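Here the protein sequences line up with chains P and U, keeping their order. If you read the first sequence in numbering that gives the first Met the number 0, its first letter stands for residue 0, the second for the next number, and so on. If you read the second sequence in numbering that gives the first Met the number 0, its first letter stands for residue 0, the second for the next number, and so on. Built from N, CA and C at the ideal position, the CB exists for glycine as well. Computed from a prediction, not measured in an experiment: that's the story for all the values here. What follows is one structure encoded as structure tokens, with my remarks underneath.
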Amino acid sequence: MKRVLIVGNSHVAALRSGWETLSASLQDRVDVAFFSAPVPFFDKLGFDAPLYGDVTPNTMTHEHIETLAKINGHTRVDLESFDEILLAGMYWPGRHEITHFLKAFAVDGLYDAEIKQRLTLTAFIEFYQAILEHRAAGGFWSTLRRPNVTLMLSPMPVAIIRQLDAGALLWHEAWASPEIDMDKMRPILDYKSTLAQTYYASRGIDLLPQPATTLTEIGLTKDIYCRDRLDLAGSPDHKFDAYHMNGAFGAICLQAYFDRIMPGQAGVV
Amino acid sequence: MEQPYRHLPPSAFWRSGVAERKLGQFADLYTPKFPLRRGMKIATAGSCFAQHVGRALRQAGCNVIDAERAPALVPEQVRQRYGFGLYSARYGNIYTMRQLLQLWREAIGRLTPAVPVWQRDGRHFDAQRPGLEPNGFDTAADVLAHRALHLAAVRRVFTAAEVIVFTFGLTETWLHTATGTVYPTCPGTIAGDYDPAIFSFHNCEYGEICRHFSRFRDMMMALNRQVKFIITVSPVPLTATASGQHVEVATAYSKAVLRAACGRLSAEYDNVDYFPSYEIITSQRNAARYYNEGLREVTAEGVAAAMGTFLAAHRLQDQPPQTVEDGATSSPTEAQQFAGNPAASLVCEEALLEAFRR
């Protein structure tokens, strides 16, 4: 029995819902625990001690602690008591960075948009790797030699983002910008993922890419995955946003994760 | 007895003006011919010392045009390796006025440079800015495609510019003999092959420098009658000379010719001002203290002295940041980096000549 901790921010909600679908067929092979908190509260949790969530009074209010208890049933978790950790919903290196490229540059062989500036592939790689060096978090997680850490980034926004008003969207300016030619961005998004995987692998972190079956041809998440979502506390989330997904999405991601950490053993029965 | 020296200020006499001047005091060396106003759109170009000029202006919150901007998330050092943020467009170092004139004529379609693509180890390089892509381009077509976009940026820069700051760097250059196309570096150094039947050495003379500047000025004034120029001479000596002279003699000649040209141009034209960065750095009063150990590169203290004098004379030091061309402002990070290390990270192809010694 493999002990797995799924830890992260609001995106853990989709994985928790997804686990409800998968647990019946997998619970004899894997024991899954969840520990999550919404952003920006999540970022205040302690990373510098083996006890994740080892709260400090200076940064955590009583309200914060209550929230943590309400979502998770407890406020502490012992990382080292697990075999595997899935760190989910992180933004680094995320959409914000890549949208800067897509808005400003075409890239040779990767993104052939009508833009005033163009980068060579070599320059893009060096720029992106420099961003990873400066922006990518994960220092604490890469120091963990046991358990193994897998990183799952926040999902790509859903495709319907292209048809919505600016006011309806979080981060609208980034992805729905007319400066980005969404029809041509898939190759550069895929390449960016490859670069990020290499980067994290060199730091002992396995990067789990968003499963291809959840993506449209242009690299956005299929709209069906943002319907009927639950929040971290398990309540229906009726607010629309383009970035949080449902249990069906979570199940696909979890299956991909289990296939990775338990090759040949994690098929749904 | 009345005589013309009787009423001259102390700055007119060597002893009081130089020998007895306090170290680091240069305020009376420069009185601007016209003020730089907040918000004026400034284009910068020139030899590698001009990078300090642009950086100091950005740090002071001036509206320095940047028509080819890298994502701000990319660290400055990495951006600069690819020619971003050094000048108002990614043209790299422009060591001679002939090269700047040629660039503009190319940008407006009046000239096509000869041998525009150089090669090295199977990679392709833009002969007019061979240091721009350290690893070169995949194909010659890629070079030309990127260059076409760059030329559009050059047009945006000089069409928008209200002030053009140019630092004269060298008189020595290499040209395509048959057509007169000049290059910023000698073929065969960074890239390309040197063939004496095709390329030749040329040492620009006083008259042609003035003529090239005047022609460039006329073309800029055709775009904007009010455009102004601030010209300087780089205090950085030649890394190497192909003139056959000793490098020190060749440097003295080169700088003297450039300085003389600047003197004439600023005297002749109301819209051309000369800033004496060369004099500030090379002054005997400093006893070479503004040069690093190699006696070639200017120290952080020297850069601060020169650019501090410039900014103070234009009262630009305490002005709030301006929105720069294309909509962004000089980033605090960039400004802080300059403040912390003003002589940092010049990109200078000419310095690479040292690597090609026998």
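- Not a single CB atom of chain P sits nearer than 8 Å to the CB of U:A88.
- As computed with DSSP, P:D205 is found in a beta bridge with P:T149.
- Listed in chain order, the beta strand (DSSP E) runs fully inside the region 60-137 of chain P are 83-89, 104-106 and 116-118, counting runs of at least 3 residues.
- Straight through space, the alpha carbons of U:A190 and P:D111 are spaced by roughly 28 Å.
- For the C-beta of P:H99, the chain U residues within less than 9 Å are, from N- to C-terminus, P70, A71, L72 and V73.
- For P:F123, the closest Cβ of chain U is not nearer than 8 Å.
- Our two residues, U:I93 and P:T215, have alpha carbons roughly 47 Å apart in a direct line.
- The beta carbon of P:F257 sits no closer than 8 Å to any beta carbon of chain U.
- One alpha carbon belongs to P:A12, the other to U:R57, and they sit about 46 Å apart.
- In this structure, the CA atom of U:R122 is about 10 Å from the CA atom of U:E132.
- By the beta-carbon neighbour count (other beta carbons within 10 angstroms, threshold 16), U:Y193 is exposed.
- In the pairwise beta carbon analysis, the region 141-152 of chain U is classified as not touching the region 205-225 of chain U: fewer than three pairs are separated by under 8 Å.
- Going by C-alpha positions, P:I124 is about 41 Å away from U:I279.
- Think of a sphere of 8 Å around the beta carbon of U:V77: the chain P residues whose beta carbon falls inside it are E125, F126 and A129, in chain order.
- Around P:D107, the beta-carbon contacts reaching into chain U at under 9 Å are F136, D137, D141, A144 and H145.
- U:C203 is the residue among U:G53, U:C203, U:V116 and U:L99 whose C-alpha sits nearest the C-alpha of U:S242.
- Proximity of chain P to U:L148 at the Cβ level (cut-off 7 Å) is accounted for by K115, Q116 and R117, in chain order.
- Positions of the alpha helix (DSSP H) runs, each at least 4 residues long and wholly inside the region 186-227 of chain U, are given as 205-222 in order along the chain.
- The CB of U:Y81 comes closer than 7 Å to the CB of A122 in chain P, given here in chain order.
- Taking 8 Å as the cut-off, the Cβ atoms of P:P186 and P:C252 do not count as close.
- Ranking U:C347, U:L294, U:Y290 and U:S282 by CA distance to the CA of U:G16 puts U:S282 first.
- Using a Cβ distance threshold of 8 Å, P:N71 and P:F33 count as a contacting pair.
- The three-state secondary structure of P:Y199, taken from DSSP, is helix.
- Rounded to the nearest whole angstrom, the CA to CA distance from U:C185 to U:A140 is 22 Å.
- DSSP, read as helix, strand or coil, puts U:F124 in strand.
- Look at U:A151: its C-beta is under 8 Å from a C-beta on chain P.
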